[in-house]
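First up is the structure itself, then whatever we jot down about it.
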Amino acid sequence: MKVLVTGAAGFIGSFTAQRFLSRGDEVVGLDNLNDYYDVVLKIARLARLERQSGFRFERLDLADEQAMSALFAREKFEFVVHLGAQAGVRYSLQNPHAYLSSNVVGTLNVLEGCRYHGVKHLVYASTSSVYGASTRMPFSEHEPASHPLSLYAASKRATELMAHNYSALFKLPTTGLRFFTVYGPWGRPDMALFSFARAIADGRPIEVFNHGHHMRDFTYVEDIVEGVVRVTDRVPEPDPDWDSNNPDPASSSAPYRLYNIGSNRPIELLRYIEVLEDCMGRKAEKIMRPQQLGDVPNTYANVDELIADVGYKPDTPIEVGVRNFVEWFREYYGYTTR
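Just so you know, the sequence shown maps onto residues 148 to 485 in our numbering.
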């Protein structure tokens, strides 16, 4: 099939494009290669994809309405996996306008392209951050996500609502995937594992927020991608049991679904750091900080719906996933110490 993967130079996007290519699909990868983090790393991810037949790259900004419309008209995609976004909870405190432009306007342009050009299924990335102030865990798609704590989370929740609107009005099948703290090789430098590893390798201290006591449902990137591909193949249909008097947020009378993709086993940040220290062969000097604005204290995914509908549950333990990251990190940056 012919698939558009937005954010193809990104962490999850590059792995997703690779996975589709490995099974013989034709992939058009879109990215604007912005400088939110190291562009050289993004180009290196793309280079791995461009060595393979079946892949083409389009450098476009999701917020460019005319360019996006022309792309959809020209390419006639069968499926769209929309992973391009402005990420980062903390950065949303500094540059909130970037989140509306990329996440809200960008998603609108993707939805319009799908609406007018016969896309069979739109799968898009959301985030566990939409659960925000909720403390009812494990987080379930069947519970409301009405109190996000950052503009990043609010922008992603907005895309879920926008997708439902297009599913309801235009019968466009859409599936939103709430990712839980993704990590692994080729990851983003602004994320904890990457920044901790670089600091440890350079002999610098690491800042540990919330004194390391918050829990995260750390999910290995290849587990995330397996879920993305399986969900893409399962085009949603209207839920015949959906009740407008007792509306279920996870489904609809429209062809619309939401799924969590998480490891279903939250780990304390301090334990995560211990595993990294063991893999790096060096202890970290820790500077303990209070919880940051916008951070969710804990995350824990209920993945029952993912298991029931697509027969899949992420299962890579952090001891394996962190080791794989460290091996890549050493090779990519030439760190040889242990």
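Beta carbons are placed, not taken as given, at the ideal position from N, Cα and C, and that holds for glycine. Remember, predicted model here, so these are calculated numbers, not experimental data.
Counted as a single uninterrupted DSSP element, the alpha helix (DSSP H) harbouring G374 occupies residues V368 to D380. Contiguous beta strand (DSSP E) elements confined to the stretch 384–425 occur at 403–408, taking only those with 3 or more residues. The alpha-carbon of M427 is positioned some 43 Å away from that of M215. According to the DSSP assignment, L324 belongs to the beta strand (DSSP E) that extends over T321 to F326. With contacts defined by Cβ atoms closer than 8 Å, E307 and L405 form a contacting pair. Bridge partners of I434 according to DSSP: E354.
V236 and H294 have their alpha carbons spaced roughly 15 Å apart. For the pair G359 and E415, the CB atoms are nearer than the 8 Å cut-off. The shortest CA-to-CA distance from R429 to any of S410, N471, P461 and R351 is the one to R351.
As computed with DSSP, H229 is found in a beta bridge with T153 and Y271. In the three-state scheme derived from DSSP, where H, G and I count as helix and E and B as strand, A191 is classed as helix. K303 is classed as buried because its beta carbon has at least 16 other beta carbons within 10 Å across all chains shown. Note that the C-beta distance between I465 and V329 is not below 8 Å. Assigned with DSSP and collapsed to three states, E205 falls in strand. Residue pairing for L177: DSSP places it in a beta bridge opposite T153 and E205. Between the alpha carbons of A292 and S275 lies a distance of about 10 Å. Close CB contacts of V372 within its chain, under the 6 Å cut and outside five residues either way in sequence, are with F162, T163 and R166 (chain order). Apart from sequence neighbours up to five positions away, the residues of its chain that approach G334 with a beta-carbon distance below 8 Å are F158, L340, F341, V368 and F472, ordered along the chain. For T254, the enclosing alpha helix (DSSP H) begins and ends at G253 to Y263.
For R304, the enclosing alpha helix (DSSP H) stretches over residues L298 to F317. The DSSP-derived three-state label of V443 is coil. With respect to the 8 Å criterion, V443 and Y278 are classified as neighbours on the basis of their beta carbons. Per DSSP, N471 is one residue of the alpha helix (DSSP H) stretching across I465 to Y480.
For E288, same chain residues with a beta-carbon under 8 Å away, outside a window of 5 residues either side, are R325, P396, A397, L405, Y406, N407, N449 and E452 in chain order. A contact is defined here as three or more CB-CB pairs under 8 Å, and the stretch 264–275 meets this definition with respect to the stretch 305–324.
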